[in-house]
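Letter by letter, the sequence shown follows residues 4 to 194 of this note's numbering. Below is one structure, written out as structure tokens, with a few remarks after it.
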Amino acid sequence: MTPLLRIPETLPASRHSMIREDIQDEEAEGLDELDDEEAMSDVRDTTSESPLTPKQVAKLHIYPLIMRRVTQQTGKGKIHSMYSLVVVGDGNGLVGYGEGKDGEAAVAREKALAKALRSMDYVERFEKRTFWTELENKFGSTKIILRPRPVGFGLRCNPNIHQVLKAAGIKDASAKVWGSRNPLMVHQGAV
Numbered sequence: 004m005t006p007l008l009r010i011p012e013t014l015p016a017s018r019h020s021m022i023r024e025d026i027q028d029e030e031a032e033g034l035d036e037l038d039d040e041e042a043m044s045d046v047r048d049t050t051s052e053s054p055l056t057p058k059q060v061a062k063l064h065i066y067p068l069i070m071r072r073v074t075q076q077t078g079k080g081k082i083h084s085m086y087s088l089v090v091v092g093d094g095n096g097l098v099g100y101g102e103g104k105d106g107e108a109a110v111a112r113e114k115a116l117a118k119a120l121r122s123m124d125y126v127e128r129f130e131k132r133t134f135w136t137e138l139e140n141k142f143g144s145t146k147i148i149l150r151p152r153p154v155g156f157g158l159r160c161n162p163n164i165h166q167v168l169k170a171a172g173i174k175d176a177s178a179k180v181w182g183s184r185n186p187l188m189v190h191q192g193a194v
């Protein structure tokens, strides 16, 4: 019998039970162990505060959407750092995103991944492939409409929205973006 995972208190109760059920399902199925020690060491650091085990994190879809150099102007000069935006999902309804900033690109990506794992939430899907109804959202000057589509339609949408939907496990949908098409605004409007 495995010990219970320490789950942060900030998660809603519904997510606690869903994650515990996923863990029990995987243990019952007897999924193959990951033998590659290098792959496991990469995800151990980011899962220290996550309710998921390193084995589960290794199975997630991880999409780094934005990686850019940002600059802060101070009285003494410019301070450069790297900004990263990462989307994670299991392809079965769980999806989350995180932002990270650091002097090193790799550290910024790790911070973004850790925040994305903590912010994962469940997306309701119709027939495990599309939305239940048309969804509209406005974020800043960006307006996004997500529409359900019939079987076999695929994902016909903005590339940034495409990655989010793919991580969430949505297979048939279309989207229209009005206003600003800045990748950061489009992504945050879609989530």
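Just so it is clear, CB atoms sit at the ideal spot from N, CA and C, and this is done for glycine as well.
As the crow flies, the alpha-carbon of HIS190 is around 20 Å from that of ALA108. Classified as exposed, ILE82 has fewer than 16 neighbouring CB atoms from the shown chains inside 10 Å of its CB. ILE173: not part of any beta strand (DSSP E); DSSP gives it neither H nor E.
Using a C-beta cut-off of 8 Å, the region 119-128 makes contact with the region 95-110, since at least three inter-stretch Cβ pairs fall below that distance.
DSSP places LEU187 in the helix class (H, G or I) of the three-state scheme.
Burial state of LYS79 is exposed, judged by a 10 Å Cβ sphere holding fewer than 16 other Cβ atoms. Collapsing the DSSP output to three states places VAL90 in a strand. Pairing ALA176 with ILE164, the inter-Cα distance amounts to about 10 Å. Here ALA119 is not near VAL73, since their CB atoms are 8 Å or more apart.
Cβ atoms of LEU88 and LEU63 stay farther apart than 8 Å, at about 16 Å. Residue range 108-121 is occupied by the alpha helix (DSSP H) that includes ARG121. Annotated as proximal: THR145 and VAL180, with beta-carbon spacing under 8 Å.
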